[in-house]
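Residue numbers (the numbering used here), protein chains in the order written: chain P, 1 to 114; chain X, 115 to 228.
All residues carry an ideal CB built from backbone N, CA and C; glycine is no exception.
In this text, all values refer to a predicted model and were calculated from it rather than measured experimentally.
Worksheet for the structure shown next.
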DNA sequence: ACTAGTATATAGTATTACTAAATAGCATCA
DNA sequence: TGATGCTATTTAGTAATACTATATACTAGT
């Protein structure tokens, strides 16, 4: 699927939170998982800006560990604030996606124009 | 629901296309409909930038008509290109929302970290 | 006159994901 | 040895989009 960039805005961070919530992981692996999920155009740089934001907003704990496959990895885990944020994200998603599906399935009616 | 701004990016234009596809309408009315749908914080200025974009990209036909309630209204209808764009929008929405729901309902599995 | 509701329009800002590249470690193969 | 490829983080700069805040203007009712 091409050009879904704009549609990913506002949801990608939530996806990253969800992925981290499954167990400690690091930027490169998060990118891989997003790609496996179907968001094939997501690149490391994008995930990096998101994890930086999570750090800045104190939503994650960080631990640096060596890797046998390359340079050291920065592992992230969600802290309490991050879990709270994740909950809020899914609540927003439920709201927005339900409204859009409502629109899609034609439930809103035309207002009369005088 | 507060602060869904970022989540609306990339979907609001599609919503406007959908609303216009139901029959000719104008900026102010589109704003009302989005608010009725539940996106209560959407304001005229936002819809205006979207309709301007639709005009610029030649996705709509325009007709100006007087109103008994205020200044003249600029009525929009989707042209062929606009209808095509709307189809593409719903396709993208189907894709993205299904992937996110997949993530939500836990279908992706953790990769093994060695 | 004044206010409220209708209606379009615009300048400037914040947020976010992107492109493109630099840096660096380890493994394998010529 | 060096060349390539995969792993992995980081950064500078850009594009897209919805926002705030405001200006303008028309009509109706008090």
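When we look at the beta-carbon of residue 198 of chain X and count the other beta-carbons within 10 Å, is it buried (16 or more) or exposed?
Taking the first residue of the second chain as position 1, residue 198 of chain X is located at position 84. Label assigned to residue 198 of chain X: exposed.
If the cut is a Cβ gap below 7 angstroms, which residues of chain P does residue 125 of chain X touch?
For the purposes of this step, residue 125 of chain X is taken as residue 11 along the second chain, with counting starting at 1. The answer, in chain order, is 7, 100.
C-alpha gap between residue 38 of chain P and residue 163 of chain X, whole angstroms:
Stepping through the first chain from its first residue, residue 38 of chain P is reached at position 38. Stepping through the second chain from its first residue, residue 163 of chain X is reached at position 49. Rounded to whole angstroms, residue 38 of chain P to residue 163 of chain X spans 31 angstroms at the Cα level.
If we cut at 9 angstroms on Cβ distances, does residue 20 of chain P have a partner in chain X?
Working through the first chain from its first residue, we reach residue 20 of chain P at position 20. Chain X, which has no Cβ nearer than 9 angstroms to the Cβ of residue 20 of chain P, makes this no.
Got a sec: is the Cβ-Cβ distance from residue 164 of chain X to anything in chain P below 9 angstroms?
Walking along the second chain from the start, residue 164 of chain X turns up at place 50. Not an interface residue.
Quick check on the burial criterion: 16 or more other C-beta atoms within 10 angstroms. Buried or exposed for residue 99 of chain P?
Numbered from its first residue, the first chain carries residue 99 of chain P at position 99. Buried: at least 16 other Cβ atoms inside 10 Å.
Under 9 angstroms between beta-carbons, which chain P residues line up against residue 210 of chain X? List them in chain order, please.
To locate residue 210 of chain X, count along the second chain from 1; it is residue 96. Neighbours of residue 210 of chain X on chain P, chain order: 1, 4, 7, 8, 11, 38, 39.
At a Cβ threshold of 9 angstroms, is residue 92 of chain P touching chain X?
Working through the first chain from its first residue, we reach residue 92 of chain P at position 92. Chain X, which has a Cβ nearer than 9 angstroms to the Cβ of residue 92 of chain P, makes this yes.
Beta-carbon separation of residue 92 of chain P and residue 115 of chain X under 9 angstroms?
Residue mapping note: residue 92 of chain P aligns to position 92 of the first chain, counting from 1. Residue mapping note: residue 115 of chain X aligns to position 1 of the second chain, counting from 1. The answer is yes: Cβ separation under 9 angstroms.
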